[in-house]
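Enquirer:
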Amino acid sequence: MAKRKRRAFTREFKAQAVRIVRESGKSVGVVARELDLTETALRSWVRQAEIDAGRGAPGALTTEEREELGRLRRENRTLRMERDILKNFRARRGPSHLLDQKLGARLR
Numbered sequence: 261m262a263k264r265k266r267r268a269f270t271r272e273f274k275a276q277a278v279r280i281v282r283e284s285g286k287s288v289g290v291v292a293r294e295l296d297l298t299e300t301a302l303r304s305w306v307r308q309a310e311i312d313a314g315r316g317a318p319g320a321l322t323t324e325e326r327e328e329l330g331r332l333r334r335e336n337r338t339l340r341m342e343r344d345i346l347k348n349f350r351a352r353r354g355p356s357h358l359l360d361q362k363l364g365a366r367l368r
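Sequential numbering from 261 applies to the sequence shown in this note's numbering.
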């Protein structure tokens, strides 16, 4: 079986697909075939819509919370990289910087 190319879908499309599953009475598999989607993707969207509506498993993250978590993780990764760059700069500059301070104190 050929592997499908990964496709991106808008929020509106996902919401409409979930609405079709809920309102048509058709199974997720049938709707997925009609919309040329994988059953796994559509089932995931339906599950996430339940969580967003407050009917999900306890502790499950809403879409908004997932987006915020992703943003915070990216920001954290950037801050760690910046910290490491500054650490390396200080480590390289350290001994010569101390020597400059000692010489400067003697010249005063």
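Beta carbons are placed, not taken as given, at the ideal position from N, Cα and C, and that holds for glycine.
With DSSP run on the structure shown, which of helix, strand or coil describes T300?
Expert: It is helical.
Enquirer: Would K274 be called buried (16 or more neighbouring beta carbons within 10 Å of its own) or exposed?
Expert: Answer is buried; the Cβ neighbour count reaches 16.
Enquirer: What did DSSP end up calling S287 once you bin it into helix, strand or coil?
Expert: If DSSP states are grouped into helix, strand and coil, S287 belongs with coil.
Enquirer: DSSP on T338, reduced to helix/strand/coil?
Expert: T338 falls in the helix class under three-state DSSP.
Enquirer: Looking only at its own chain, which residues have a Cβ that is under 7 Å from the Cβ of E310, when we skip the five neighbours before and after it?
Expert: Excluding sequence neighbours, E310 sits near G316.
Enquirer: Taking K265 as the reference, which of E272, V288 and D296 has the closest Cα?
Expert: The shortest C-alpha separation from K265 is found at D296.
Enquirer: If you draw a straight line from the alpha carbon of L302 to that of R350, how long is it in whole angstroms?
Expert: Approximately 51 Å between the Cα atoms of the pair.
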